[in-house]
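The structure appears below as structure tokens.
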Amino acid sequence: MCEIMRSLVILSLLCYWVYMTTHSHKLSISVASQSTEGTLFVNGTAAIGFIDDDFVCATIDWWPPQKCDYGTCSWGSASVLNLDLDNAILLNAIKAFSPLKIRLGGTLQDKVIYQTEESQQPSTSFLKDGSELFGFTQGYLPMSRWDQLNIFFNKTGAVVIFGLNALRGRTISSQGDAVGAWNSSNAESLIRYTVKKGYRIHGWELGNELSGNGVGTRVAAGQYASDTKSLQSIVQNVYAGFEAKPQVLAPGGFFDENWFTEFIHKTPQSLQVVTHHIYNLGPGSAGDLIQKILDPSVLDGISQTFKRLQSLLEKSNTPAVAWVGESGGAYNSGHNHVTNAFVFSFWYLDQLGMSASYDTKTYCRQTLIGGNYGLLDTNTFVPNPDYYSALLWHRLMGNKVLSTSFPGTKKLRAYAHCSKKTQGITVLLINLESNTKVQVRVSTESPGKLSYLNFQGLRGSKASQNVREEYHLTAKDGELHSKVMLLNGKALSVDSSGNIPALEPITVGSSDPTTVAPFSIVFVHIPGITVPACK
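For the sequence shown, the positions run -24 to -1, 1 to 511 when mature numbering (1 follows the signal peptide of the UniProt record, and there is no 0) is used.
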């Protein structure tokens, strides 16, 4: 009897030790009731796409505090006009990217008047009015605010894209079309003021969501092409004598193949970037957002948009490249505790990986701050989980995109790039399974010539090539709705001075597979793998 009691006590202590080991160090990874394994094949023969160094981009919108969706007002003071530019967290969050692309734009940009004349008096912007297009009166950008913004962007090193008012001069027909030519005079005055002040703008974008069927109203493709040529002419004229001129971007709307085909065909030399928007999860009010985020078929659905646009550009006589100019996943400001929580990193990082594989050069997240889908919290400026996901991508994933295939579970999403500013490759693994961990080995051999030589270390190689670095991302307490992200079991948070935390990896022997826990994300930097595409 005593032996039995002793055994029970030992068993109880063992169970307690196991529990504390897996919980007290904030690993917070769901206990996996199942385990599977597989090999990720990376084709390193040649790159399938090339992204910009500053591929990661985020937006700052124009919405006032009175912008409300489904009874919730989530914008606060996060617009171009009222954002607190002295906030330390905001400053440090942008500087951490060195650089971060920032697109200033959104629905209301097409109702903004630039107050470039000294005689113009300050006016109240964007009063709520249901009878007005987009539900608000027109807005005003004082040059004093434009000065403040540019001083801030210079301080943070941001790369700025500015969305211009493309509706100025047009009238709205009874059918909902915006007809007539674009009146470019006010936009030109802003561009001239900007050059006179010495402010650096990476790109001028014409309009927001006026392509195809449009949102609120629409402009015909032929007219939009003509207006884009006008903008290009202005940029060439105003920046005459400058060796590097800003890019011209358009149309900043949802992809409509017929509309985009005509537009691109008619702007062969006047357009540098074709921008399109993505909100493939539906409205922010949808009750099934998490189910969509965790469904591989939903995630794969948008691939056809990337594929068709890539094909269109390849077949067209244009030097223009593709950007995702705005993407928040769920439109109408997103959904609190979903699009600003850990679970959204599954969607966001999958979007980054997928778009890059179709040669998208830049991906702008809606938003940097504002609404329920900001990288930063609208009220506190504290980084949401997707901020850290974006920062890790920016630091680890290089310009060259590699093809991958994983023959195992469809809920293991995988992407690979040549590593950024270092040798080897970096792999992104996303596990959408709720209770299955996946043991992943990486091979650069074809499936028919499987070899793990890469992971076992090459004879004579440096010691650093016999190990790899892993960044495991999980939700606090395993709660997908959590706004706290753990990196290798440690909660990520800014300090009292608003400094962004260091993002440190764990080091793992190259002979071991990578364990991807349920509902987790792993970046894996493998310096020991060298492939022709990365040389």
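In this text, a Cβ means the ideal position worked out from N, Cα and C, and glycines have one as well.
Within the segment 3 to 46, the beta strand (DSSP E) runs of at least 3 residues that lie entirely inside it are, in chain order, 10 to 19 and 32 to 36. Note on geometry: alpha-carbon atoms of V191 and Y200 lie some 15 Å from one another.
Per DSSP, reduced to three states, the secondary structure at A451 is strand.
Under the Cβ criterion (8 Å, minimum of three pairs), the segment 339 to 348 does not count as touching the segment 284 to 298. Shown here, N126 sits in a helix according to DSSP, grouped into three states. Contact between the segment 319 to 338 and the segment 389 to 397 is present: 3 or more CB-CB pairs across the two stretches fall below 8 Å. A straight line joining the alpha-carbon of N130 with that of T12 spans about 49 Å. A check of alpha carbon separations from V300 across N184, I254, S273 and S309 identifies I254 as the nearest. Per DSSP, F138 is one residue of the beta strand (DSSP E) stretching across V135 to L140. For Y200, the uninterrupted alpha helix (DSSP H) segment begins and ends at A197 to V214.
The beta carbon of K205 is closer than 8 Å to those of T243 and S246 in its chain, skipping five residues each way along the sequence. Taking K268 as the centre and dropping the five residues before and after it, the same chain places the C-beta of L257 and V274 closer than 6 Å to its C-beta, in chain order. When the beta-carbon positions are compared, I78 and V32 stay at least 8 Å from each other. Here T193 is near L186, since their CB atoms are less than 8 Å apart. The beta carbon of E164 is closer than 8 Å to those of I210 and V214 in its chain, skipping five residues each way along the sequence. Following the DSSP letters along the chain, one finds S496 inside the beta strand (DSSP E) bounded by residues S496 to I502.
For the 8 Å CB-CB criterion, L351 and Y363 form a contact.
Assignment of S107 by DSSP, reduced to helix, strand and coil, places it in the coil class. Judged by beta-carbon spacing, K387 lies within the 8 Å limit of L408, meaning their Cβ atoms are closer than that value. Residue nearest to Q415 within the set Q114, T490, I497 and H241 is T490 (criterion: CA-CA distance). For G20 and I401, the gap between their C-alpha atoms comes out near 9 Å. Between S279 and I24, the gap from beta carbon to beta carbon reaches 8 Å or more. Here S365 is buried. Its C-beta has 16 or more other C-beta atoms within 10 Å. Boundaries for G310: no alpha helix (DSSP H) harbours it, and the DSSP string shows neither H nor E there. Here V155 is exposed: its Cβ has fewer than 16 other Cβ atoms, across all protein chains shown, within 10 Å. In the DSSP annotation of this structure, S395 is not part of any alpha helix (DSSP H); the continuous beta strand (DSSP E) holding it starts and ends at L388 to S395.
Note: H253 is bridge-paired with F230 and E302 in the DSSP secondary-structure output. In terms of Cα proximity to G305, the closest of S321, E290 and K291 is S321. The beta carbon of L288 sits closer than 8 Å to those of E233, F236, T237 and I240, all from its chain and outside the five residues before and after it, given in chain order. Here K376 really is in contact with F26; their C-beta atoms are around 6 Å apart, less than 8 Å. Annotation for L67: the continuous alpha helix (DSSP H) segment containing it runs A64 to K71. Secondary structure at I345: strand, using DSSP grouped into helix, strand and coil. A residue is called buried when at least 16 other Cβ atoms come within 10 angstroms of its Cβ; T398 does not meet this threshold and is exposed.
When the beta-carbon positions are compared, W38 and L84 come within less than 8 Å of each other. Between the alpha carbons of D488 and A54 lies a gap of roughly 46 Å. Nearest neighbour of T92 by Cα position, chosen from D28, Y169, I505 and S458, turns out to be Y169.
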